[in-house]
Amino acid sequence: MSTPSAVAQRSLYWPVQWSRNRGLFGLFVVVVGFLLLYAYLFPGFLSVSGVAKFTQSWFPLALVAMAQAILMLTGGISLAIGPLVSLGAVVAATTMTGPPGALGGIAAVALTGLGIGAVSGVIVVRLRLPAIVVTLAAAFIIGGVALLILPRPGGAIPLWFSELLAGNMPVALGVLVVIALLWKVYLATPLGLSLYAAGENPVGAYRSGVPVDAARIVAYAISGLLCTLAGLFVAAQTGSGDPVIGNAFTLNSIAAAVLGGVGFLGGRGTMRGALAGSLLLSLMISVMFFLGFSPVAQYVAQGLIIIGAVALPEIRRWRTVV
Amino acid sequence: QANAAAKCITGDRKPPYTLGWANIYSVPTWMKQTEGTITSMVEELKKEGLVDELVITDAQGDANTQIQQIQSMIDADVDAILLIAGSSTAPARVIEAACAKGIAVINFDSLVDTDQVTAKINTDSNKWGDTAAKWLIEQLGGKGKILVLNGPAGVSVSEDRRAGANEALAANPGIEILAETNTAYNVAPAQEAVTSLLFAHPEIDGVLSLGGALSAGAILAMDKQGRPMVPITGENARQFLELWKDKGLTSWATMQPNWLGALAAYAAVKALQGEDVPAFIEVPLPIIDNSNIDEYLARAADFPADGYIYSPYDQKLFDELIAQ
Amino acid sequence: MTSVPIVAARGVSKSFFGNRVLSDVSIALAPGRIHALLGENGAGKSTLINLLSGALVPDSGSIEVDGRSVRSLTPSEARRAGIAVVQQELGLTSDLSVAENIGLGAYPRRFGLIDYRRLARRAREVCDLVGLHEDLSTPVAGLPLGRRQLVEIAKALFREPRVLILDEPTSSLSAHEADTLTRLLRRLRDAGTAVLYISHRLNEVMRLCDHVTVLKDGALTADRSLEGVDASGLVRLMVGRDPGDLFPRWTPSDARETVVTVTGFSAGVLRDIDLEIRRGEILGIGGLVGQGQEELLLGLYGALPGKARKAAFNGVAGLPGSVMRANALGLAYVPADRKREGLHLTHTIAWNMMVPSFGRARALSFRRRADERALATALADRLDIKGDLTRQVQALSGGNQQKVALAKWMPSDPPILLLNDPTRGVDVETKREIYVLLRSFAAEGRAVVLSSSDTPELVHLCDRVAVMREGRIVSTLAHGEATEEAIVAAAMAAEPARAAA
Amino acid sequence: MSTPATERFPGFRIMNVLRSRAFLTVAIVAAVWVIAGLLKPGFGAYGHLRYLLELAAVIGIVAIGQTLVVIAGGIDLSVGAIVTVSAVGVPLASFAGDTSGIGAIAIVLAAATGIGFLNGLGVAFLRVHPMIMTLAMATFLQGVLILIAGGTAISAGSPVLSWLGNARPIGIPAGVVLWIFAAAAALLLMHTTPFGARVYALGANPLAAALSGINTRATTIAVYAICGFFAGLAGVLVLGMNGQGYVGIGDPYLLASIAAVVLGGTSILGGSGTYAGTIPGAVLLVTITALITVVNASPGWRSILFGSLILVLLLFSGREAARR
Ligand SMILES: Nc1ncnc2c1ncn2[C@@H]1O[C@H](COP(=O)(O)OP(=O)(O)OP(=O)(O)O)[C@@H](O)[C@H]1O
Ligand SMILES: Nc1ncnc2c1ncn2[C@@H]1O[C@H](COP(=O)(O)OP(=O)(O)OP(=O)(O)O)[C@@H](O)[C@H]1O
Ligand SMILES: [Mg+2]
Ligand SMILES: [Mg+2]
């Protein structure tokens, strides 16, 4: 039973990464199945622009799924994801063609997300308030601010920026890969990995010398950043800002993360799962279109697919209590 | 005549056509009625051999999903896209891409801020607000305290109707706006908001309601509190029209006809066939008031209880509108 | 010993919500010494080590590190001072791997990132020290309780502590693993580490420790060298009177009616188990840590899906299939991991005692509060759980939590009791009471199945002992035949396994 | 050696009641009512407060099920859809001979309970996460609504419905009376029956509950079925109050029910809490909404004010215990 020590010594990182796929294979199979089905129904998917266009549809959902998953790993949850995406889009659309310029606008978007995320984190962590109500309140406040900045859809994004991110080249896919890698890097830092311990067992983690509060607050800040970046992308994709564009992302981000196996009690789940969950939700829309489903069939099928994706891998465990 | 009369039309698409309707949300009764007008028009066109298929997508209220679905329609190379936009800005780029591929794009009801479409079809939301405000001001003799009921904030239809009312209100300083609300275009939230406002304001002379369900909610609120009915504006919602008659109100309503959908399907086919379709088809706003409300109510039984009683339409009417 | 203590508490006191838990306690941990901390459940041992390791701050008194008094010690300061703790209640992170848990809070870094190479090397070293051979990338969620305890110990060793504090480190370890640990601690002591060792297994303490501090109801009652003290002397120090024999006299019972038979039973890691459980006997289940003992109990209890060629429970053919069915057939199960499986920590003591009856009673009848209170009071008296029963269970000391987990099954009077390490973390006096209780259960004609990591329990208490290895029963030993050596030998397969009975 | 029971159960302490979340929430509601009544004449009028209670009744009834589900460690995202299905379904379910309308209501309540039952089956047997299961159910019900909604021109008038919407036995709105009975039943169920205790056990530690012989699957299914039933009941009530069901009528009650539960101090993680806190939680929610309605400000500022109020009130009642 015992592994030769030398083997384990040489490479620990990759086996650890591999072991995190536990419980996700079912979902991965479903997602790959849908990708193949999509490619079969729409062969144009297998071209550079096909991939580009599809990832553009998926990209914002992928980002908010990550944003939600991070918070769920801390044992929290956010109902402010959607409004924060809207705010990101609105800030981008009002700054990038104005005096701050494109770079200034991107910086403003990023700082908005980091700042709001950090403040919510401090409120939740330091004042010991339940995350779900704090973020519910934050949703109203953030949504209000977005309406103040841009009372009705408008603003503009530099055309080159839209063409860059949401043109015919899969730049968004590249950005997504970079973001996923950055997350891997963050998880490879002591603070990043501590997120799991801080979420599942804050007392034990504190006693092990983990800076629990810091780990959680940083998670909120990163989450905020991801949301406004999703907003920035939506603004680029649409070429403008809309103060209510993000609303649907709140529920979808939760659905994607939970679909991906991220648990509510903290410390359970993986980012790859959340990404796979968001990919499935996004793929489903296009696949159902090509299958020619009527709206009624779309709703019914959507319900069945997401239940099925979660239930199928569980079937073998039906009778177990423990 | 050149085969490419209208924008986005390249002239190389031959009937029968495949039409795609990118709807924003299928579930509300309003949308079901609209869908009904579209499908019956498509049936007629199918008989004429002009259309072979209608594909409908439902974005479940999410403008981002709608973009993805429009992209799918482009990928599937439909011949025309009919669009009710979930955001006045968001679908602009993808719609331009559709237009560039020679797909006829007919945007109706909720419009997009781009001119890269074959045609837009709508009533004039600004005029909606303006006429409503003028009617109410006239009813009040230019003096009185009013409530203003708006649709949801940040949505262009509701912002446009409200903006349309501004000029008339500003010109009549005798009109005092006690309070404004923003709610979804639904009865219950409007009733809830108006009830609270009635308690806060013992004296109210009129209600400028910029949506049919909002008017119904306001009447229910006033009725429940036993407050005297005041002049109120509205729209052709069946519940509102019935309450109007029931409570013996003096009211005014206009109509955003559901058959804009049928007109869009018709216009798409016309454009694809190379006919000249104007970039903007303005559908006139009819007036419903105490003189003609009975005509509308006479047909009430043909419409869902929570639906809208729209005026009759046929291809002849559409031809006239397109020719204008 | 003349050397300066590395850490010391000077006259510390601590209260929770007005309850005095420690009053004016002093203790000094000197290098090169294994120091025992003894006391009954709830005496304040865990609280004292929490003060020593910075997890809690004393209300009065002071903590000294290297002779200097520190105002308020935080866990990370304590870590820097070389203090490492093996907590009583396990605090591992399920989704992280063994190595990542071991390094938590003290990861080796390279360019700001975790240095997985170094982590692997050093984690491997400490795992080898404690005898943990699992792959380092295994998530701890999949490990059985005893293995997780080894991970906790490895985690403390990983910090290369000058002071190593172990709060009941062997409570779910079997004799073999405990021996490994004993040898390890001796080596550390000889290398100059100060060790503080808490255990309710007094032989271990006798074998291992040099010095003892005894707490009773939060006050210091002894602080002396262990030289010349025997086990009963230790008990005298703890409870203040002469102890009787720890184990009740074993008398062979002659009622030998079989109540449970399974043949060719497989579930989880279990392979082809043949087992008979008889009325009036205590059947022990032994073996190294994590060889399928828990699965066996859960399988019998209907909590794990399984298959058997033949099975009969209380005269009814077939496996129970579900816990409710098992309860109806007269089985009850007391889990080892009380925190995860046994208790509702945020609810009150009294409420926890009623949980099985909530499951049994008609769903829509009225609860009888007065009866519930009377019953809870009686159970608390019987198991010597002191004080207010409307406190949350999580506020109880570890041993007292265990008593609640046991107490909740008493009202239903089950004829077949499945016990998974029921004396884990329980003090000697209570252990004795539990032993008497178990023997009297058997005498009343009940069947008791006792899986235990505490080998003396198996030796002295059980009528038969089944020893498990890799999911199979490798040997069944009768009372008298089952010596500590025989059990360990069977568990390790040091000699050819004897044919099962 | 036996300890006297008084020591084992130190019993009722007034300070514990005063410090409980439920009581704090009641105190906050009272404070908000007094302050708002002073600042906004009309707000504190008896009729207005009575109306707020009537509104809260709908949220409160939906939140009965939501409280149970949350205590059991789950969450139900389908309550909004169930309210809509029920409100829209009553006219469809009415049949000849059912003059009082009770028959239709019974059918609809059975259907709502059945929907909840399916949720429970999915959670208990398919082991689908409650959020996923109920979200999928909500999606599924949207499809059902497209099929059934607007398909009828029958209006919803029936004696029972109009009694629910308009009657005021002993001066109390019928909806509030219904709420009082439902709340009493819920409190009894939670705190005096073994079933209620099972729900707490399930939420606090499902594994320990299962190993203690509690039928966790049956409990789970029952909890979701009860939740479906009360959402259905709320749908009937809201139909009575509005005189007309429409698609979307239930939407506001999803977030509102969850917010009422957590404002009332029930932990979203399950295992602890009580409906006694949800009641003032629901009243607080409608109170803040009404307060925001009568404040004259732009939609953006109103939204900000609403969020800030919740946050501030949370500071008074919402602190979680320090971890040890
Ligand atoms: N956080 C807390 N809140 C309230 N009471 C507590 C808390 N922690 C410990 N106690 C109480 O303090 C007393 C001492 O507990 P402690 O855990 O130190 O006992 P112990 O000696 O370690 O017992 P055991 O041998 O059972 O582990 C107990 O009565 C316990 O109920
Ligand atoms: N007001 C409340 N606030 C929070 N939780 C409550 C409240 N009332 C009951 N509970 C929870 O419900 C569980 C059962 O409570 P209940 O009051 O029914 O039983 P009990 O406290 O054991 O009985 P009693 O109070 O009569 O001694 C409790 O353990 C508690 O966690
Ligand atoms: Mg202890
Ligand atoms: Mg009580």
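Residue numbers (our numbering), protein chains in the order written: chain A, 1 to 322; chain B, 1001 to 1324; chain C, 2001 to 2501; chain D, 3001 to 3324.
No residue lacks a Cβ here, since even glycine has one placed at the ideal position from N, Cα and C.
Simplified DSSP assignment, three categories, for residue i
| i | result |
| --- | --- |
| threonine 1250(B) | coil |
| asparagine 1003(B) | Note that asparagine 1003(B) scores a pLDDT of 42, beneath 50, so its modelled location is shaky and nothing firm can be said. |
| alanine 3153(D) | Reliability of the predicted coordinates at alanine 3153(D) is poor, the pLDDT of 45 falling under 50, and the value obtained from them is presented with this limitation in mind. In the structure shown, alanine 3153(D) sits in coil (DSSP, three-state: anything other than H, G, I, E or B). |
| valine 2085(C) | strand |
| phenylalanine 1303(B) | coil |
| aspartate 1289(B) | strand |
| histidine 2176(C) | helix |
| alanine 2303(C) | coil |
| glutamate 2470(C) | coil |
| arginine 2033(C) | strand |
| threonine 1010(B) | coil |
Contact list for residue i against chain A, beta-carbon separation under 8 Å
| i | result |
| --- | --- |
| serine 3303(D) | Phe140, Ile141, Gly143, Gly144, Leu147 |
| alanine 3259(D) | Val133, Leu136 |
Where residue i meets chain D, residues with beta-carbon distance less than 8 Å
| i | result |
| --- | --- |
| asparagine 1292(B) | Under the 8 Å cutoff, chain D gives no residues; its nearest Cβ is about 21 Å from asparagine 1292(B). |
| alanine 219(A) | Residues of chain D passing the Cβ test: none, with the nearest at roughly 17 Å. |
Proximal chain D residues relative to residue i, where beta-carbon distance stays under 7 Å
| i | result |
| --- | --- |
| glycine 303(A) | Ala3136, Met3137, Thr3139, Phe3140 |
| proline 1028(B) | Val3247, Gly3248 |
Contacts of residue i in chain B (Cβ-Cβ under 7 Å)
| i | result |
| --- | --- |
| threonine 3293(D) | Thr1181, Ala1193, Ser1196, Leu1197 |
| tyrosine 3051(D) | Thr1195 |
Under 8 Å by beta carbon: chain C residues contacting residue i
| i | result |
| --- | --- |
| glycine 3325(D) | No statement about residue 3325(D) is possible, as the shown extent of chain D runs from 3001 to 3324 and does not include it. |
| asparagine 201(A) | Gly2091, Leu2092, Thr2093 |
Cross-chain neighbours of residue i in chain D, by beta carbon under 9 Å
| i | result |
| --- | --- |
| glutamate 2294(C) | What glutamate 2294(C) touches in chain D: nothing, since even the nearest Cβ is about 12 Å away. |
| leucine 84(A) | In chain order: nothing, as chain D lies at least about 13 Å away. |
Any non-hydrogen atom of ligand 5 within 6 Å of residue i CB
| i | result |
| --- | --- |
| asparagine 2352(C) | Here the bound small molecules are ligand 1, ligand 2, ligand 3 and ligand 4; ligand 5 is not part of this structure. |
Partners in chain A for residue i, counting only beta-carbon separations shorter than 7 Å
| i | result |
| --- | --- |
| arginine 2079(C) | Gly209 |
Taking a Cβ distance cut-off of 8 Å, strictly less, list which residues of the region 1150 to 1168 of chain B are near chain A, in chain order. The region 1150 to 1168 of chain B vs chain A, Cβ under 8 Å: Pro1152, Ala1153, Gly1154, Val1155, Ser1156, Glu1159.
Do the region 57 to 66 of chain A and the region 268 to 280 of chain A touch if we need at least three Cβ pairs shorter than 8 Å? yes
Any 3 or more C-beta pairs closer than 8 Å across the region 1178 to 1192 of chain B and the region 3241 to 3260 of chain D: yes
For the region 1031 to 1100 of chain B, list the alpha helix (DSSP H) runs that are entirely contained and at least 4 residues long, ordered along the chain. 1063 to 1075, 1092 to 1100
Members of the region 2178 to 2198 of chain C near chain D, C-beta cut-off 7 Å: none
May I ask you to verify whether the region 1223 to 1239 of chain B touches the region 1251 to 1265 of chain B, counting CB pairs closer than 8 Å and requiring at least 3? yes
Taking the runs of the alpha helix (DSSP H) that are 4 residues or longer, which of them lie wholly in the region 27 to 95 of chain A? 48 to 73, 81 to 95
Where are the alpha helix (DSSP H) runs, 4 residues long or more, that stay fully inside the region 120 to 178 of chain A, in chain order? With a minimum length of 4 residues, the continuous alpha helix (DSSP H) runs that stay inside the region 120 to 178 of chain A are 131 to 149, 159 to 166.
Could you list the residues in the region 12 to 44 of chain A with a C-beta less than 9 Å from some C-beta on chain C, going in chain order? Sequence-ordered contacts of the region 12 to 44 of chain A with chain C read Leu12, Tyr13, Trp14, Pro15, Val16, Gln17, Trp18, Ser19, Arg20, Arg22 [C-beta pairs closer than 9 Å].
Listed in chain order, which residues of the region 2306 to 2337 of chain C have Cβ atoms closer than 7 Å to some Cβ of chain A? Val2323
Counting beta carbon pairs with one atom in the region 3101 to 3117 of chain D and one in the region 3213 to 3227 of chain D, are three or more of them shorter than 8 Å? The answer is yes - the region 3101 to 3117 of chain D touches the region 3213 to 3227 of chain D, with three or more Cβ pairs under 8 Å.
Could you tell me whether the region 2077 to 2088 of chain C touches the region 2037 to 2044 of chain C, where touching means 3 or more Cβ pairs closer than 8 Å? no
Give the residues from the region 1042 to 1057 of chain B that approach chain A closer than 9 Å (Cβ to any Cβ), ordered along the chain. Glu1053, Val1055, Ile1056, Thr1057
Taking a Cβ distance cut-off of 7 Å, strictly less, list which residues of the region 2377 to 2391 of chain C are near chain D, in chain order. Thr2377, Ala2380, Asp2381, Asp2388, Leu2389, Thr2390
Contact residues within the region 257 to 278 of chain A, judged by C-beta distance below 7 Å to chain C: Using a CB distance below 7 Å, the part of the region 257 to 278 of chain A facing chain C consists of Gly267, Arg268, ordered along the chain.
Interface positions of the region 1201 to 1232 of chain B facing chain D (Cβ-Cβ less than 9 Å), listed along the chain: His1201, Pro1202, Ala1213, Ala1216, Gly1217, Leu1220, Lys1224, Gln1225
Check each residue of the region 1295 to 1313 of chain B: if its Cβ is closer than 7 Å to any Cβ of chain D, include it; give the result in chain order. Ala1301, Phe1303, Pro1304, Ala1305, Asp1306, Gly1307
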